[in-house]
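Numbering (our numbering), first residue to last: 13 to 141. Working notes for the structure below.
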């Protein structure tokens, strides 16, 4: 009977050793799982941070697009005003040229009349002398 008891004791001893080994392995797996779970939480926080940064970048980009549209509008207004200024400058330039031409004609007429008067005066002086 003793050998049966020894067998049972050996089996119980092996069973206890196996259970202890399983418990150790279970604890190690639990620690590894907790570590992975912690890493997963950190990755989730990092992802949320990146997601927030992406939202901020989208908002900044939308703001830049709006500013670019405003700048294009202002640029178009400036081009329009420049065109108006150029048109007015051309009109004024033409007016000045027309006035100068009129002055030139007036000057020519005055010189012509002056020369004629000088000749007439000379002729009268010659008759009187």
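All C-beta atoms, glycine included, are put in the ideal place defined by N, C-alpha and C.
- In the three-state scheme derived from DSSP, where H, G and I count as helix and E and B as strand, residue 25 is classed as helix.
- The three-state reading of DSSP puts residue 141 in coil, since its state is none of H, G, I, E or B.
- Each residue's CA atom was taken as its position, placing residue 64 and residue 71 some 11 Å apart.
- Between residue 36 and residue 52, the alpha-carbon positions lie close to 24 Å from each other.
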